Amino acid sequence: MTVEAPTLADPHDWLRRRSRWSVFEIAFWVASLLPFFLFQTYLPLASQIAITALFAVSVDLVLGYAGVVTLGHAMFFGLGAYSAGLISKAGWGEPLTGLIIAGLFAGLVGYIASFIIVRVQHLALIMITLGFCLLTYELANSMSWLTGGTDGLQGVETWPILGVFRFDLWGYAAYGYALAALFLGLVLSRRIVHSSFGLSLRGIRENVRRMPAIGSDYRGHLQKIYTISAVMAGCAGALLTQTTDTVSLDTLSFQRSADVVVMLVLGGTGRLYGAVVGTIIFMVARDQLSDMNPQYWYFWIGLLLMVVVLLMPRGILGSLAQLARRRD
Amino acid sequence: METQQPALRTEALCKSFGSLKVTRDVTFELPRGARYALIGPNGAGKTTLINLITGEMRPDSGRILLDGREVTQAPTMARVRQGLTRTFQINTLFPDLTPIEAVLLAICERDRAAGQFWRSLTSHRVAIDESFEILTRLRLAEVATRPTRTLPYGQQRLLEMALALATKPKVLLLDEPAAGVPKDESAALFSVIAALPGDIAVLFIEHDMDIVFSFASRIIVLVSGGVLLEAEPAVVRGDPRVREVYLGKVGHV
Ligand SMILES: Nc1ncnc2c1ncn2[C@@H]1O[C@H](COP(=O)(O)OP(=O)(O)OP(=O)(O)O)[C@@H](O)[C@H]1O
Ligand SMILES: [Mg+2]
Chain A
870 MTVEAPTLAD
880 PHDWLRRRSR
890 WSVFEIAFWV
900 ASLLPFFLFQ
910 TYLPLASQIA
920 ITALFAVSVD
930 LVLGYAGVVT
940 LGHAMFFGLG
950 AYSAGLISKA
960 GWGEPLTGLI
970 IAGLFAGLVG
980 YIASFIIVRV
990 QHLALIMITL
1000 GFCLLTYELA
1010 NSMSWLTGGT
1020 DGLQGVETWP
1030 ILGVFRFDLW
1040 GYAAYGYALA
1050 ALFLGLVLSR
1060 RIVHSSFGLS
1070 LRGIRENVRR
1080 MPAIGSDYRG
1090 HLQKIYTISA
1100 VMAGCAGALL
1110 TQTTDTVSLD
1120 TLSFQRSADV
1130 VVMLVLGGTG
1140 RLYGAVVGTI
1150 IFMVARDQLS
1160 DMNPQYWYFW
1170 IGLLLMVVVL
1180 LMPRGILGSL
1190 AQLARRRD
Chain B
1224 METQQPALRT
1234 EALCKSFGSL
1244 KVTRDVTFEL
1254 PRGARYALIG
1264 PNGAGKTTLI
1274 NLITGEMRPD
1284 SGRILLDGRE
1294 VTQAPTMARV
1304 RQGLTRTFQI
1314 NTLFPDLTPI
1324 EAVLLAICER
1334 DRAAGQFWRS
1344 LTSHRVAIDE
1354 SFEILTRLRL
1364 AEVATRPTRT
1374 LPYGQQRLLE
1384 MALALATKPK
1394 VLLLDEPAAG
1404 VPKDESAALF
1414 SVIAALPGDI
1424 AVLFIEHDMD
1434 IVFSFASRII
1444 VLVSGGVLLE
1454 AEPAVVRGDP
1464 RVREVYLGKV
1474 GHV
């Protein structure tokens, strides 16, 4: 064999390789089917994780890719959750259409909110997102004739998925439904982040000042991704409603907004699967720790968060990826 | 067509920061294909003038016309889309993007393709080829797939140029493109500028007088925010006021 002189990387090839499905991704999706066969008792937890992971991915699109820090995304999650609940209470329990309508409604609110979001930055931005979330929470709280107030919406009825798969007590259908939604959400998000639009989002995150100087309508881009993210978060909320038959006020809470950011930071921002990994770690830890020590489990989350931020600034998945790259 | 309009024209631009007047009544024209230099001592207001022209700052008074059309109130983005592009004195790049991604981003924005979220980046084949061609021209092909933050300073300066070229400007404002670059590399950079298509109007800020005199067809001297002189290089070289306020101090020529 002859040794070839090093040639310049073919840019097409290089870009293609960045967007290809990796073995780890495929392995992850295969492994995601395990709860059906091995850990049936954990099926309800697994569907909670899938739903929250979808929510975390929606936050990653705005926070991890476009660099828009938000502490109020539960607003869209909760709006989706309540919409799905109200649609069902109004007599339409078909899950797929309910999910879509709930997602679109959250997206509409997201689009309206985005006009303000793109006009503020830094601390003001965080406060605005937080403010939106608190506002929605109290609105839902005071409109108890519609939302059930602190009691939440009870007895939401959801029809079988596609008219076939009945929501069972074990949670097979619920997990299948949530997992399918997460998969679809990830395929879509993948498509977005590997498009030219995804590239401009990263440009905004990396240096928003340069964007107008290359002729970019970056505010338009931000509004678009914020709306897409709101739809996705709304769908996650609707999934929670449809798989648990209840909606509570805490779908809209600040706690939920903050938790999802913690999950994202744990897993690693700006890499989609970081959101998923962070969610799994957070939710499994909560499940295990709150069994042992129900009052103080946030202590451990706090500790974990600090360790990750100090030692693995790119998050757990980001650090693993870096290790793997150094190997070869 | 109308009679030939200048590519860029400013009329009596003024700008103050508090009580400090940084731009005083600046009026000049940049014809198509111009290779003009803007010189002046540190703090003369050169960068501020560029900020005003590109819309990063608003003038207190005065007008800016691009190809005869007024753009004084237009946002930066709109001006870039009409062919007015600048580079930055201090690198304003995308640290985590690779040069190929950064230039591709600029091209997609120019082609109004940057908002397409359903189409894969790799399908923009023509744009990718064009990006790589621009990087090759600026001798950045070999580092095209390395994150910008890992590039040496000189190459980051070149990328600053590459981003501007990717917008296909009609008017190009270069704010000390070779600032901090070793002399032999800066000559290479200016030969790229010299080789730009003849119809692009270029205005560059540069402190090195050898470069100014060899690349500029005309020189605008800015002192304390106002135009002291606008003339051919030979005239500027011989002007006693210029010698005093600027050249004398720097010690070139
Ligand atoms: N945003 C600002 N606010 C207040 N003063 C400013 C601002 N920007 C610039 N200045 C002042 O305006 C004057 C002109 O600055 P400018 O950067 O335009 O000079 P310059 O000619 O580009 O100088 P250099 O050759 O050092 O780049 C300086 O005195 C500077 O301190
Ligand atoms: Mg300057």
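Residue numbers (my numbering), protein chains in the order written: chain A, 870 to 1197; chain B, 1224 to 1476.
Note that CB positions come from ideal geometry on N, CA and C, so glycine has one too.
All of these numbers come straight from a predicted model, not from anything done at the bench.
At a cut-off of 8 Å, the C-beta of B/Q1339 has a neighbouring C-beta in chain A. Contact annotation: A/G1000 and A/G1103 have beta-carbon atoms that are not nearer than 8 Å. Contact of B/A1385 with chain A is not assigned, every C-beta pair being separated by 8 Å or more. The stretch 1052-1067 of chain A makes no contact with the stretch 949-957 of chain A; the number of CB pairs closer than 8 Å stays below 3.
Per the Cβ contact rule, the stretch 1084-1099 of chain A is in contact with the stretch 1295-1312 of chain B (3 or more Cβ pairs under 8 Å). Counted as a single uninterrupted DSSP element, the stretch harbouring B/V1450 is not any alpha helix (DSSP H) but the beta strand (DSSP E) occupying residues G1449 to A1454. In this structure, B/T1246 has its beta carbon at no less than 7 Å from each heavy atom of ligand 2. Within 7 Å of the CB of B/M1300, the CB atoms of chain A belong to P1081, G1084, S1085 and D1086, in sequence order along the chain.
For B/G1263, no alpha helix (DSSP H) encloses it, and the DSSP letter there is neither H nor E. The beta carbon of B/E1234 sits closer than 6 Å to those of T1250, G1285 and R1286, all from its chain and outside the five residues before and after it, given in chain order. B/R1464 carries a helical assignment under DSSP once its states are collapsed to helix, strand and coil. In the three-state scheme derived from DSSP, where H, G and I count as helix and E and B as strand, A/T1027 is classed as coil. Using a Cβ distance threshold of 8 Å, A/L968 and A/A1099 do not count as a contacting pair.
A/E1026 counts as exposed, since fewer than 16 other C-beta atoms from the protein chains shown sit within 10 angstroms of its C-beta. Chain B has no Cβ within less than 8 Å of the Cβ of A/L1186. Within the stretch 1346-1411 of chain B, complete alpha helix (DSSP H) segments of at least 4 residues are found at 1348-1360 and 1376-1389, given in chain order. Residue environment for A/R1125: buried (at least 16 other C-beta atoms within 10 angstroms of its C-beta).
Scanning its chain for C-beta atoms nearer than 8 Å, with the 5 sequence neighbours on each side dropped, one finds around A/N1010 the residues T1016, G1018, T1019 and L1118, in chain order. If you draw a straight line from the Cα of A/S952 to the Cα of A/P964, it is about 12 Å long.
DSSP places B/D1248 in the uninterrupted beta strand (DSSP E) bounded by L1243 to L1253. For B/T1233, the enclosing beta strand (DSSP E) begins and ends at L1231 to F1240. For a Cβ distance threshold of 7 Å, residue set E1075 of chain A lies close to B/P1318, ordered along the chain.
Within the stretch 1389-1409 of chain B, the residues whose Cβ lies closer than 9 Å to any Cβ of chain A are, in chain order, A1389 and T1390. Taking 7 Å as the cut-off, the C-beta of B/T1270 counts as close to a heavy atom of ligand 2. In the three-state reduction of the DSSP assignment, A/L902 falls in the coil class.
In this structure, B/A1410 is the residue among B/P1392, B/K1391, B/A1410 and B/A1389 with its C-alpha nearest to the C-alpha of B/E1399. Partner residues in the beta bridge of B/R1309, as assigned by DSSP, are B/L1396. Not one heavy atom of ligand 2 is found less than 7 Å from the C-beta of B/D1431. An exposed status is given to A/H991, since fewer than 16 other beta-carbon atoms sit within 10 Å of its beta-carbon.
Counting only residues of its own chain and dropping the five nearest sequence neighbours on each side, B/A1337 has a CB closer than 8 Å to the CB of L1328 and C1331. Residues of the stretch 877-898 of chain A with a Cβ closer than 8 Å to any Cβ of chain B, in chain order: L877, A878, P880, H881, W883, L884, R885 and S888. In this structure, the C-beta of B/L1363 stays at least 7 Å away from each heavy atom of ligand 1.
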